[in-house]
Amino acid sequence: MPENCTPPITPDLADFLNACDEPVLFFHRQTQRICYGNAALQNLLGISDASSSWPCVHDLFTNVESSSFTTEPARYQYLWSKQSMQDGMVQLTAYVPRAHPDYVLMKLHIDERFLQRFEQCLHFSGDGLWEWELLSGTVYLSPRWKEIAGYSDGELENSFASWRQVIHPDDYQRAIERIRSLSQFPGRVFQVVHRILSKSGTFKWVLCRGQVLPGPDGKAERIIGFLTDIDEQRKIEEELEQARQMLLDVQSRVSMGNWEMDLETEQFWWSDEMYRIFNVSAGDFGGSLNDFLAMIIPEEQPLVEQVFRGDVPFSHFFTFHTDPVGPRTVYMEAEIYRNAHGTPTRMVGLAQDVTAQREAQQQNSKLSRALEQVPNAVIITDREGTIEYINPAFEQITGYTREEVIGRNPNVLNSSSMPREFYRDMWQQILNGSIFEGELVNRRKDGTLYQEHKSIAPIRDTRGHITHFVSIGRDITQQVQMQREIEAANQTLQELNEGLQRRVEEGIEKQRRQEQLLLQQSRLGAMAEMMSYVAHHWRQPLNIIGLLIQNIQIAHQMNELNSQFIEDVSRQSMEQIRKMSEVIDSFASFSQESRDKQPFSLVHAIQDTLLLVQQQLQDSGITIQATFVPTGQMIPVSQADTCPIDPHQNNYPAVNVLGYPNEFKHVLLSIINNARDAIASRLKGSGQGFIDISLDHNEQEIVVRIADTGMGIDAAIMDRIFDPYFTTKDVGKGTGIALYMAKVIIETHMGGQLTAQNTNEGACFTIRFHVPAQVSV
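All residue numbers for the sequence shown refer to our numbering, where the first residue is 5 and numbers rise by one.
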C-alpha cells in the first residue's frame, strides 16, 4: 500500500459530502483501501471519522474489480460481504476522477424499499441465495440456503467446502460437472435437481437454479443462483406414480381396461389391459371402429355399431371372437364428452372380461333352482350353528318361514326328546370334520313332532377350515309313528312342562336383569337391523346354493352323478359360501363390542356401514351415497371438490379419531335406519329417496353429516328426540333407545357432538369431533 493514501478532499468538499444523505467514499485503486467516507457512510458502517484504519472496499462488497471503473460515471450492483455486517444487495455509482486517476469515488444508493422488497421476495419464495466467485473461489450461502439444509447461519461457513459437505455424495459429481461445464458460457441459465444431506442425517430433494455472469472482459466471472426445497413435490410425484402403478395392477387383476375413441376420426386409444382382454397386440389392431367391429360376433355387430356411433352414454355386454379360447363376453360402458359448443367430441369408457362370471351365473342359476326343488329339508348354518339358508322343503316340513328362522339356531326345531349327549356327540363329530348320519325327533312350528333322518356335512374353505355345515333332513315320521306314538305324547307333555318352567325362570331372570339391558337393547336393535341387511346380502348366494343342491338330487335320479359333477358343484358351492363367509366376517366385525378406545378411520367406518346397508336400501328405492372432501376446507359439500366414498376401495386419505369404531358404526346405522323410516313414511311405497353422508374436515374439526329426504323433524319434538325411550313410531316399531345411545356414544364416550336440524329436503344429523382428538392409525 502506498504510504500516501490521502484522498483529494478539500474542507469545502468534505462539508459538501457530509451534508449528502447517501453514503460516499473514496478508495485507492491499487490497494482498495478506503481513504475517506462521509458522515452517512460512517453511520452506516458504525465507525467514526477519527478512525485510524478504514476497511478495504472488498471487505464491504464482493467481487469489486478496480480495473472495471472508468472516468465515466456508471452504475454497479454488488452484494454486501459478510464482514460488512449488512445483508442483501447494494446499488452504487462510481467513477475515476480525471484529476486523480489513482482514486475511485463511490456513491451508494440505499433504497430501503428495494431492499425490503428483495428480502421479502427471498423470504416468501422460500428460496436460498448462493454465489460463487469463479476466480477467487469465494462462496456465499444465504441464511435461508443453510436453513434448507437444516443449519443455522452460524453453523455453516460460506465456503465451497460447506457446499461439498451438504450435497448428497451420489449427486456431487453430476452436479459439479454440470455447473462447471456451464461456467464456460457467460449468460447461460441452468438448473440442476439433486439431493442434499440435512444436519439430521436425512436427505431431501432440491432444485438448484442459477446464471453465469460475465465480468468486464466478457468471460465468466461468477455464478449466482437460488436453491429451492422440492422435497414435498418429489414425494407427491412418487406417490402419484405409485398410484398409477396400483391402478394398472388393479386393472390387470380384475381384467378391466380403459379406452377412448375420437368421435370424429373413430380412432381408439386402448390401455394395455384392453389388448390383453381382446387377446390382440397393438400391432395387429388397426385402432379404428371398423377394426373393432370386426372382432364382434356378426349378430351383435349392428348393436355395437349403433351404441359406438351414437352420442349417449351406454353400458352393454358384447361377445367377441378370440383364438384359441373361442367366444368371450365383455362388459363395456362409456361416457360422452363434449366441447364448449356442446358437440360430442370423444367417448371414454371401461371394458371388463366377464366371461367367467357370466358362465358361473348361468351355472349357479341352474344349481340354485335344483336346490330349491329338493324334496328334503336343507339347512346351511355357520360354524356356530346360526341358520343362513333353508329351502322350500324345510318350510313345508317344519311350518317355519325363512324370515322366522334365518339368523336363529337349528335348536328352534329341538323337541328336547333327544339326550344332550346326542347333540354333544353330533357336534363333536361334525366339528372334527366327519359326516353325521342319524335319526332325531324335531318339532314343527305348530308344535307337532316329526321323525327326521339327518345328514350333516362340514363345508370347508380353501384352506381346509370348517366354516359352515349343510344339513339334509328327510321326514320319516310315518315310518315310525305307530311304535313311537305313546312315547312321543309323553315326550310332548314333558317338553311342555320343561318349556313352561324355562319360561317362568326366564321371566324371573328377565325381571332381575331388566335395568342392565338398556345399553344392550340399543345394541341388539342395531344387530337386528344388521341381520336384515346380512340376510338381504345372502339372498342370491343362498338361492344359488339351493339350486346346486337341487341339481345334485336331479343328477342322482338321472344317474348322472359322477366325480366331475360333484367337483363342479362343490367348487361352485364353495364360491358362494366364500361370499357368504365374507358377509359373515363383515357382520362379526361390525357387531363386536369395542371395549377400549382406539384410533380408527372415519372413512373406513363409513365404508363398512355402506357395505352393509347399501344394497337393501337401494332395493327399497333409497339411494345412499357418501362423499369425502379432501381439500381440508370446511365448506358445504355441494360447493367443494368432493370424491365419492366407495365401500370397496382402500385408497382414501385417513381421517382418524380416537374412540370406539364399532359403536360409531352403530351410531351411523341408527341414524340411517331413522332416515330410512322417515323416507318410507314420506314416499308411501312410490318414488325415490336419498341419504347423503359427507365427511369434511379442516384444522379445527372433523364433521360427518347424514342428510335425508324424509319428512324432517317436527319442531315441537326437536328438543326431545335424544331423550331415552322417546319415540314417534307405533308401538312395537321403536324403543326410543337408538338416538339416545347414539348421543351418549358420540358425546360421552368419544368427546364429540351430535346434533340434528331440518333442511329444505328433510333432516340432517351432524357429528363433530375436535381435531386434537385426531391420531394416526
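The beta carbon of each residue, even a glycine, is placed where N, CA and C say it ideally should be.
- For H320, the enclosing beta strand (DSSP E) covers residues 318-324.
- Secondary structure within the region 344-388: the alpha helix (DSSP H) runs of 4 or more consecutive residues, fully enclosed, are 359-376 (chain order).
- A720 sits in a helix when the DSSP states are folded into three classes.
- The beta carbon of T763 sits closer than 8 Å to the beta carbons of A711, G716 from its chain, once the five residues preceding and following it are set aside; these are given in chain order.
- With respect to the 8 Å criterion, L672 and V607 are not classified as neighbours on the basis of their beta carbons.
- In this structure, the CA atom of L244 is about 19 Å from the CA atom of V633.
- When rounded, the separation of the alpha-carbon atoms in S292 and E270 is 6 Å.
- Counting the other CB atoms within 10 Å of its CB gives Q246 a total below 16, which places it among the exposed residues.
- Three or more Cβ pairs drawn from the region 661-671 and the region 607-626 lie within less than 8 Å of each other, which places the two stretches in contact.
- In the displayed model, V284 falls within coil according to three-state DSSP, outside both helix and strand.
- In the three-state scheme derived from DSSP, where H, G and I count as helix and E and B as strand, W84 is classed as strand.
- When the Cα atoms are used, R448 and T390 turn out to be separated by approximately 18 Å.
- Pairing P648 with T627 gives a Cβ-Cβ distance that is not under 8 Å.
- Less than 8 Å divides the Cβ of G714 from the Cβ of A679.
- Secondary structure of A760 (DSSP, three-state): strand.
- Sixteen is the threshold: since fewer than 16 other Cβ atoms of the shown chains lie within 10 Å of the Cβ of K688, the residue is exposed.
- Cβ-Cβ distances below 8 Å link E705 to M638, R772, F773, H774, V775 in the same chain, with the five nearest sequence neighbours on each side left out; the list follows chain order.
- An exposed status is given to A360, since fewer than 16 other beta-carbon atoms sit within 10 Å of its beta-carbon.
- Restricting attention to Q561, N563, L552, the CA atom closest to the CA of E571 is found in L552.
- Residues N283, R332 of the same chain have their beta carbon placed closer than 6 Å to that of T326, with the five preceding and five following residues left out of the count.
- R373 sits away from Q629, with the two beta carbons spaced by 8 Å or more.
- W273 counts as exposed, since fewer than 16 other beta carbons sit within 10 angstroms of its beta carbon.
- Rounded to whole angstroms, G411 and Y393 show a C-alpha spacing of 9 Å.
- Distances from the CA of I741 to each of I750, E181, Y729 were compared; the closest alpha carbon is that of Y729.
- In this structure, DSSP gives T269 a state outside helix and strand, which the three-state scheme calls coil.
- Listed in chain order, the beta strand (DSSP E) runs fully inside the region 200-254 are 207-218, 224-233, counting runs of at least 3 residues.
- One Cα belongs to I240, the other to P77, and the distance between them is close to 52 Å.
- Boundaries cannot be given for Y155, as no alpha helix (DSSP H) includes it and DSSP labels it neither H nor E.
- Contact between the region 213-222 and the region 181-201 is present: three or more C-beta pairs spanning the two stretches fall below 8 Å.
- The shortest C-alpha to C-alpha distance from M578 to any of H469, G503, P665, N566 is the one to H469.
- In this structure K223 is exposed. Its beta-carbon is surrounded by fewer than 16 other beta-carbon atoms within 10 angstroms.
- The alpha-carbon separation between E441 and L621 amounts to approximately 42 Å.
- Here DSSP, grouped into helix, strand and coil, assigns N22 to helix.
- Between L417 and N395, the C-beta spacing is not below 8 Å.
- Taking a cut-off of 8 Å for Cβ pairs, the region 467-483 and the region 450-457 touch, as three or more such pairs fall below it.
- Rounded to the nearest angstrom, the Cβ distance from A355 to M265 is 12 Å, too far for a contact under 8 Å.
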